[in-house]
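This report concerns only the one structure given below.
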Amino acid sequence: MKPSESPTELIGRRDALQLALLRPWQPAPGAFDRAAATHLFARAGFGASRDVVDRAVADGFDRAIGLALAADESDEILRAGIGKLLPTGEIAPLQAWWVALVLHGGAPLRERVALMWHGHFATSFDKVQDSRMMHAQNALLREHGLGDFRALLHKVARDPAMLVWLDGNENQRGRPNENFAREVLELFALGIGNYGEHDVREAARAFTGFGTSGRSFVFRAALHDGGSKSVLGRTGTFGGDEVLDVVLAHPAAPRHVARVLLRELVEPVPSDAAIDETAVVLVANEWHIGRTIETIVRSELFFSPAARRSRIAGPVELVARAVRMLDAHVAPRDAAQAAEHMGQALFRPPSVKGWDGHRAWINAGAWIARHNFLAGLARAHVEKTDRTQVNLRAAFGEPQVREQVAEVVLSVLLPGVDAPELATRVRSVANESADVDHALADATALVLTSPEFQLC
Amino acid sequence: MPSSTLVYIEAPALGELLAKSATDPLARALAAAPVAASIGAALDEEAHVALAIAREILGGSLSDGLGDLLSGGAAAGLSFKRGTPDWLVVARASDGEKLAATIERAFGAIATKFALGDALSKPAETIAGADIWYLGDKLAIARQDRLLVLAPGEGGIRGVLDRASDENNLALDAAFAAARTHRKQSDLLWAWVNMSGARAWSDKLAGKNHMFKEFDEIARNPIIHAFLGSSIAHATSADSFEVRVCAGRGGAAALELEVRADGVEFAAEPALRDVRPPPLPNRTSECASLLAYRDLAGLYAHRTQLFEPSTLPEIQQGIAGFALFFGGVDFGAEILPRVSPWYALVARAPEFAAGTKPEIEYPAGALLIQLLEPERDGAAFVSAFQSLLAIVNVDLAQKRRPAMRIALEREGETQITVARHAPPKPEDGVDQSYNLAPACALVGGTFVVGTHESVVRSTVRDLVAGRVELQAGSADRLRLDGTQLATFLDKNFDAIALASSLNEGKSIEKARAETRMLRELTASIASLDARLERPTSTSLVLHASFAIARGSEGRRSEPR
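Respectively, the protein sequence lines represent chains A and B. Each residue of the first sequence is one higher than the last, beginning at 1 in the numbering used here. Each residue of the second sequence is one higher than the last, beginning at 1 in the numbering used here.
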């Protein structure tokens, strides 16, 4: 594939290009096992309990895919209610509400993708200082995140929170502010190396007049630079919407989005070949994120050994995976705070780049925070609290004796993982515990806080 | 009870109230109060089963059965024997045979549940004419005619049966006997807590004042003195506490509560200033009003004697902060002494201008400060308020928020300073910050400052028109209107329930049920009138009267 090929040209070549990495996985009998199903639910959502995984294995690969990608809308009561707390102006209720949907909501893929876009179109409450605007952006990402990326980008350009975050109101004819234009080119759609400073300046002129009035988007024609601009080799009297179309027509655009999807779903450093194939699929699907994700999730690449357990789970992802796998219940506020202590405060990314992720998630302080939360979650089985409820007997299929505990805990939390030293320690801890319940708590704490569990 | 008893609780007339629950005004009011239905609805299946068993044991009716059981009074005591807690419960029933039958039914239920066979069919032993049963090694139950005794073991039972001739008897304790002269036979509950005894026990067990260290710190905490008052701060030094609960006078559907602290050390306090309390606006629409004696000037002047040395720099910093608003004048030494030690606070439902009614609504409050030299200090207080608003606007600007608009307006002939947020666009919603439209005014010698201009304006109108209630005496006084306060729980019901669910991990349904119960409990209090007085130089009494709302008054118009 040539780097200079446009998306249209890529479509034309789709039939000629045989998908290799993204060809559908057709598992041999027994290949879609607990390990594969656990991997599927971990990447296409935030993990699943033992019962759900067992049922998925029994139902088979196709039905499991359908289950992983499904959206159950029965948590409407949570969605309907957050409006009652937005007038407080505080971000903590919004953080807790979203975490509640991540932990217990019926549309995990939607939440996963919204979280991905939240890091991609990073916008922080620390500057916006308006919880309603942050909620509106979140709603936009959740509603359109699985749809047409082009439409999503256009909507983000008009999102009031984004405009405040990147100083859209200061971007005026004669005094362009380059912040938003730069991030569109560098972070949102193209990536470094695919544009020049001239393109940034000219694109900024195109976005002049985009601003906010109260909490709403407003286009101020009087502040807009209607002159001719030259962006990415194209010339015209572009406005904001037109320049976005110019950017999206650049050959690097689908590859940039493809890279984002692959980093989230497959591996932290995807190969050029994988990126190229995913870009072709994206364009062939009219930039539809959901259909592209389905292609990825059904592919040999997704289920390849190299893809499995190749990512370090981010804090929200880790908290949610532990809770869902144990079928536990944690106060959403506590879960949000735990993720924040681990380095990911929802609605407050540290910079325009969002969170760096992968190895950047791990430092001394974050490690301690991970350990404290995960160990506390496991111990809640024996040290009962109102705010955290977990029944490890049910989570692990009612083991009757201590000697069974190590095997069931490892098979549920780390299926298919070859970690003999960890297994030895888990067996030792379980066998030395006072009873089955303490064995479960101790073994689970040990596995959850292991380096192996941080990978997903 | 043994003389080592530290906590003693007695229910002289509770049995009588329960026995007459069908006709007694208070009992009927409690049963019909909004919260009663909520409690019933909140009980889970296990609780209903337990209640059914209890009903059966008590002979078919909870109120009648308990009334019989407690008709001659009941008492409980907690003491510490060689470092371990010890307890005792005594009740005198109406009839020995009825009591025997109740015990038999109770033991039958216990034997069935725990498969004990006929282990409890006969008493284990008989001492001094009392039959005694033992349930494991944790509970002994004795019946002597119509006297029922529960204790952890035989020792406690013997102690009661032998007590009349035993010098180790709480009744002979001078302090207890003196306190018990306040108890009336008509009291529903009377309790006595031996604080000096508890301190001595705590010293012995865990070092000097280990358990009471925090109490001592309260007495020397300037924040407690300023907000709760020196009386409450010093109450922690009391030798004993008494609590009385009785029915309201004259057959009213009301409860009276009295909490008394004796042996309180009020030494080192500044002398009470001879200043009359201010008149309070006389309104029926008040959610709450508070009249409080806080001699801030005296506290400041005596700070080195009253407070921990570590708090003095912070006090000085706070005073210096106020000086900033008063043109650099020494606020503690010059301004405070010219302010009356009496403060009044009123809370009402605010009235919002069109388009500014917030989606989360709070009661608005106004603080009334009496200036002893209003001609000298009135303008300074108004200027200080205006300066504060300017600083608030700087903070809003730093957060990229629009400034509040400050205006000088009139309420009748009185000038009023008011600050308002610009009305939001209709599509933007109205944040809770719109509960704040702070305002101030000076009416004669009264400086009124409030969180919302509507309450300041209405207070000004009341003061100017003389629609006030003169206050007598030297008591702090708090009044609450539960039905008014409950309307705010109604307005914010969904927000409160969702916040509870998200913060504490409860299901939405459980959070709603708990919020509903809180709302009904609040609405069940038609009014609360509480006074805090010092009848002697070493005692403090809190007297509170709760009028119970009738069910229909406090009920929400639509069930949730």
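Note that CB positions come from ideal geometry on N, CA and C, so glycine has one too. All figures in this text were calculated on a predicted structure; none of them were measured in a lab.
- Counting along the chain, the unbroken beta strand (DSSP E) around Pro341/B starts and ends at 339–348.
- Of the candidates Thr126/B, Gly73/B, Lys81/B, Leu69/B, Leu69/B places its Cα closest to the Cα of Ile103/B.
- For Glu413/B, the secondary structure class from DSSP, reduced to helix, strand or coil, is coil.
- Shown here for Ile319/B: same chain residues with a beta carbon closer than 6 Å to its own, the five before and five after excluded, namely Phe331, Gly332 in chain order.
- Using a CB distance below 8 Å, the part of the segment 390–424 of chain B facing chain A consists of Lys399, Arg400, Arg401, Pro424, ordered along the chain.
- For the segment 87–135 of chain A, the full-length alpha helix (DSSP H) segments reaching 4 residues or more read 92–104, 108–120, 125–128 along the chain.
- In this chain, the alpha helix (DSSP H) harbouring Asn372/A covers 364–379.
- Phe241/B sits in a strand when the DSSP states are folded into three classes.
- Taking 8 Å as the CB threshold, Ser500/B stays off the interface with chain A.
- The beta carbon of Glu300/A sits closer than 8 Å to the beta carbons of Leu21, Leu22, Arg23, Pro24, Trp25 from its chain, once the five residues preceding and following it are set aside; these are given in chain order.
- His381/A places its beta carbon 8 Å or farther from that of Leu374/A.
- Secondary structure of Trp165/A (DSSP, three-state): helix.
- Rounded to whole angstroms, the separation of the alpha carbons of Leu185/A and Val164/A is 18 Å.
- Within the same chain, Cβ atoms closer than 7 Å to the Cβ of Gly45/A are found at Ala68, Pro108, Leu109, Arg112, the five residues on either side in sequence being excluded.
- Every alpha helix (DSSP H) stretch that sits fully inside the segment 254–315 of chain B and reaches 4 residues is listed by chain position as 296–301, 303–306.
- For Lys81/B, the enclosing beta strand (DSSP E) stretches over residues 74–81.
- Less than 8 Å divides the Cβ of Leu532/B from the Cβ of Ser231/B.
- Contact annotation for Gln129/A against chain B: Lys399, Arg400, Arg401 [CB-CB distance below 8 Å, chain order].
- For Arg146/B, the secondary structure class from DSSP, reduced to helix, strand or coil, is coil.
- If you draw a straight line from the Cα of Asp24/B to the Cα of Leu17/B, it comes to about 7 Å.
- For the C-beta of Ile319/B, not a single chain A residue is nearer than 8 Å; the gap to the nearest is close to 31 Å.
- Setting aside the 5 residues that flank it on each side, Glu125/B is surrounded in the same chain by Ile132, each with a C-beta closer than 7 Å to its C-beta; the list follows chain order.
- Between Asp428/B and Gly214/A, the alpha-carbon positions lie close to 7 Å from each other.
- If you draw a straight line from the Cα of Leu498/B to the Cα of Arg180/B, it is about 47 Å long.
- Taking 8 Å as the cut-off, the beta carbon of Ser186/B is found no closer than this to the beta carbon of Ala27/B.
- DSSP places Gln398/B inside the alpha helix (DSSP H), whose first and last residues are 374–398.
- Looking only at Asp295/B, Val7/B, Ile224/B, the smallest Cα-Cα distance to Arg276/B is reached by Asp295/B.
- Counting the other Cβ atoms within 10 Å of the Cβ of His198/A gives fewer than 16, which makes it exposed.
- Listed along chain B are Leu502, each with a C-beta nearer than 7 Å to that of Trp97/A.
- Burial of Val443/B is indicated by the presence of at least 16 other C-beta atoms within 10 angstroms of its C-beta.
- From the listed residues Ala114/A, Gln129/A, Gly147/A, the smallest Cα separation to Ala139/A is found for Ala114/A.
- Sequence-ordered contacts of the segment 185–216 of chain A with chain B read Gly214, Arg215, Ser216 [C-beta pairs closer than 7 Å].
- Listed along the chain, the chain B residues whose CB falls inside 8 Å of the CB of Val323/A amount to none; the nearest CB is some 11 Å away.
- Ranked by Cα distance from Ala344/B, the options Arg479/B, Ala354/B, His421/B are led by Arg479/B.
- For the 8 Å CB-CB criterion, Lys229/A and Phe238/A form a contact.
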